[in-house]
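Below: one structure, written as structure tokens.
Residue numbers (this note's numbering), protein chains in the order written: chain A, 24 to 325; chain B, 24 to 325.
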């Protein structure tokens, strides 16, 4: 079993390197890349994601997983070996259903769409982004059809964020939350002036806002030896293995809350990613459990 | 011929994307990457360079080049088609001699060595870098042996910077330059105080130094829609296609010259890269002609 496991890990390691490299290129696109590089970047991202996909769906990986599935059948379900085979299989089964060409077209549309979204946002002109959004929705539908679904089309896409969850379950959950939240929000809205929050608006030096945010997230445990903060149009967190988990924020000279809470929120995501065991590096086990788990960590700190 | 040429261009395009992605990761390592990410980055760079190498030396590329060489035999030597085949062949012939494993070991040693060099530099402690330097020299010797040479071992490595130039030619050239330069430098040294350059030292706000440098290189023609400047330990220029050519500089609060001339020097390199025809994008024809040509451009502006 050990030889096969090592071969699987070598292959998964290279796939993870390609995926992490794509994430670094995406981070750069959203932080420092000059605007004129959009087309070139779309080509680079497409190639990396295409190669990662091709290598994951390769027959040899399928054979290795089949053989290792029987080799690990008697092991504890939560053992490293059994988990690696089970989770990799789940991820791969999904990718096998997607033609590489669709993965490439989606990757390209996302890279070009992001640039258009930034332009549209800066110009407050939705029409710049609209054709890109239409293409992205078409590609998402094509992806859902390729993946297949029983009940609702969105189930196929939701599965990527919340493994095995159904749209109908989310709707039931949201209905329950809504019943409690709507009266609560109304009650709060009626007392909007009960607390004086005027100190949150005014003039706030952006460099000092930056320092304040970093000071706080360092105290929360965010490790700057394995992370950093940069500016962006819409804050996000991105991981290139737990050794390098970066956060972003945006600053407004007249408001304290947006930058501060964006920094804390993103640091919550980052704490989760930085906390993933390093023994899982460069395997699908290093991915987060689900988007809800991820968001719970960011919201909790925020 | 057209089908074969298109297939070659598709393959070369993906190889260029991998190489450019590696360059972006290297830029990030030298500018923004948190120090704790060094090991992960070495793995990512190694995978990208390994895959680029494997894909270039693939038999199919060799066959395509052989067939296209006869298809383009009657074309003008400087035509796009004939040049693409000739230059790609030259680049590939060299890479074919290198085992992928050696390419991977070199890539890893470079990524780890760079980190050690930065640490050594900050601590003024050469011993931190020494073992890495020894490994890099060993790998360079192994590379030279794999490439082969007739006269001198360094010929094999020099060829990468100055195609087909021999170490003995460089020595003859340097001897001639030395005969003229040594007396010139001595004559200048004797009159060191002839010009008052005291205005170059003093207190210079680093933000204003930054602005001054950028202002000047913009006037020289450096296009910030396809480039940007960042800080680093030792200034360099790096290209990810002519659409994205970045420069770096370092700032000293008590000296004007280092940042200003580094910025101008690197912008000279960048002007050369930004000027390469976009029709050559994602092919080996988009690479610079030689290091001497490159350096002539940076020195001229400086």
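Even glycine gets a Cβ: it sits at the ideal position worked out from N, Cα and C.
Remember, it's a predicted structure, so these values are computed and weren't measured experimentally.
So, is the C-beta of residue 257/A closer than 7 angstroms to a C-beta in chain B? no
Let me make sure I understand the geometry here. Which of 284/B, 82/B, 25/B has the alpha-carbon closest to that of residue 116/B? 82/B
Measure the beta-carbon distance from residue 137/A to residue 52/A and round it to whole angstroms, keeping in mind my assumption that it falls under 8 angstroms. 7 angstroms
Counting contacts by CB-CB distance shorter than 7 angstroms, is residue 264/B in contact with chain A? yes
Beta-carbon proximity check, residue 315/A vs residue 185/A, cutoff 7 angstroms: yes
Flag residue 44/A as yes if its beta-carbon sits less than 7 angstroms from any beta-carbon of chain B, otherwise no. yes
From residue 44/A to residue 205/B, what distance separates their C-alpha atoms? 48 angstroms
Using the C-alpha atoms, what's the distance from residue 97/A back to residue 104/A? 11 angstroms
Of all the residues that make up the stretch 54-65 of chain A, which are near chain B by a beta-carbon distance shorter than 9 angstroms? 54, 55, 56, 57, 58, 59, 60, 61, 62, 63, 64
Which residue wins for smallest C-alpha separation from residue 244/A, given the options 232/A, 288/A, 257/A, 168/A? 288/A
Neighbourhood of residue 213/A by C-beta, 6 angstroms cutoff - its chain only, sequence neighbours within 5 removed: none
Please go through the same chain and pick out, in chain order, the residues whose beta-carbon is closer than 8 angstroms to the beta-carbon of residue 24/B, but skip the five residues on each side of it. 91, 94, 95, 104
Go ahead and pull the three-state DSSP assignment for residue 299/B. coil
If you follow the alpha helix (DSSP H) that residue 251/B is in, where does it begin and where does it stop? Premise fails: residue 251/B is in no alpha helix (DSSP H) and is neither H nor E.
Counterpart residues of residue 262/A in DSSP-defined beta bridges: 268/A
Residues of chain A with CB under 8 angstroms from residue 249/B, in chain order? 57, 59, 60
Could you tell me the distance, in whole angstroms, from the CA atom of residue 123/B to the CA atom of residue 129/B? 10 angstroms
For residue 317/B, the first and last residue of its enclosing alpha helix (DSSP H): 314-324
Going by DSSP, name the residue or residues bridged to residue 278/A. 224/A, 275/A
Residues of the stretch 210-237 of chain A with Cβ closer than 8 angstroms to any Cβ of chain B, in chain order: none
Chain-ordered residues of the stretch 65-77 of chain A with a beta carbon less than 9 angstroms from chain B: 66, 67, 68, 69, 70, 71, 73, 74
Closest to residue 42/B by CA distance: which of 161/B, 88/B, 76/B, 318/B is it? 76/B
Chain B contact for residue 151/A (CB, 7 angstroms cutoff): no
Check whether chain A comes within 7 angstroms of residue 310/B, counting only Cβ atoms and requiring the distance to be less than that. no
Run the CB neighbour count on residue 26/B, radius 10 Å, all protein chains shown included, and call it buried at 16 or more, exposed below. exposed
Which runs of the alpha helix (DSSP H) spanning at least 4 residues fall entirely within the stretch 129-204 of chain A, listed in chain order? 149-170, 176-184
Under 8 angstroms: do the stretch 290-310 of chain A and the stretch 262-270 of chain A share three or more Cβ pairs, one atom per stretch? yes
Listing by chain order, which chain A residues have their CB less than 8 angstroms from the CB of residue 48/B? 44, 47
May I ask which residues mark the beginning and end of the alpha helix (DSSP H) holding residue 76/A? 61-80
Alpha carbon to alpha carbon, how far is residue 229/B from residue 34/B? 45 angstroms
Classify residue 141/A: buried if its beta carbon has 16 or more other beta carbons within 10 angstroms, exposed otherwise. buried
Which term fits residue 154/A, buried or exposed, when burial requires 16 or more other beta carbons within 10 angstroms of its beta carbon? exposed
Report yes if the CB atom of residue 40/B is closer than 7 angstroms to the CB atom of residue 133/A, and no otherwise. no
Alpha-carbon spacing of residue 37/B relative to residue 64/A, whole angstroms: 12 angstroms
By Cβ distance, which residues of its chain are closer than 6 angstroms to residue 151/B, with the 5 residues on each side in sequence left out? 139, 142, 143
Quick one: give me the first and last residue of the alpha helix (DSSP H) that residue 244/A is part of. Neither: residue 244/A is in no alpha helix (DSSP H) and is coded neither H nor E.
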